[in-house]
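Accompanying notes for the structure given below.
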Amino acid sequence: MIHPLMRWDERHFATGEPLRTFRHAVCGAELDPDSRCPTCGQVDVPPGDVEAHPGPGIPAEPRQDPVGVALRQRPHRLLQPLL
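Adding 105 to a residue's 1-based position in the sequence shown gives its number in the numbering used here.
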């Protein structure tokens, strides 16, 4: 549910480019907007199997707080602590 909500926000309030891309941690494929994996066919990939990666919509002057920096430095699985 997190992934579709973020995509809705990007379509309606952000620049139109995703702040993050989401990949299936099991196979590495980018998920579609409904959290489905086009490579292995899994539907409703659970959040623990989703990795968030920095996307092309990150602002030119991104946040400098510890969470903002951690989100840009490396991919991370959803539901896992960043710091």
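Using N, Cα and C, we set each Cβ at its ideal position, and we do this for glycine too. Computed from a prediction, not measured in an experiment: that's the story for all the values here.
| request: Round the Cβ separation of residue 155 and residue 136 to the nearest angstrom and send it over; I've been treating them as touching at under 8 Å. | output: Right, the Cβ-Cβ distance comes to about 7 Å (below 8 Å), so this counts as a contact.
| field | Unbroken beta strand (DSSP E) run spanning residue 128, endpoints | value | 125-129
| query | In whole angstroms, what separates the C-alpha of residue 159 from that of residue 126? | reply | 6 Å
| field | DSSP state of residue 165 mapped onto helix, strand, coil | value | coil
| field | Of the listed residues 162, 148, 187, nearest to residue 170 (C-alpha basis) | value | That would be 187, whose Cα lies nearest to the Cα of residue 170.
| said: Going by DSSP, what residue range makes up the alpha helix (DSSP H) through residue 171? | reply: 171-178
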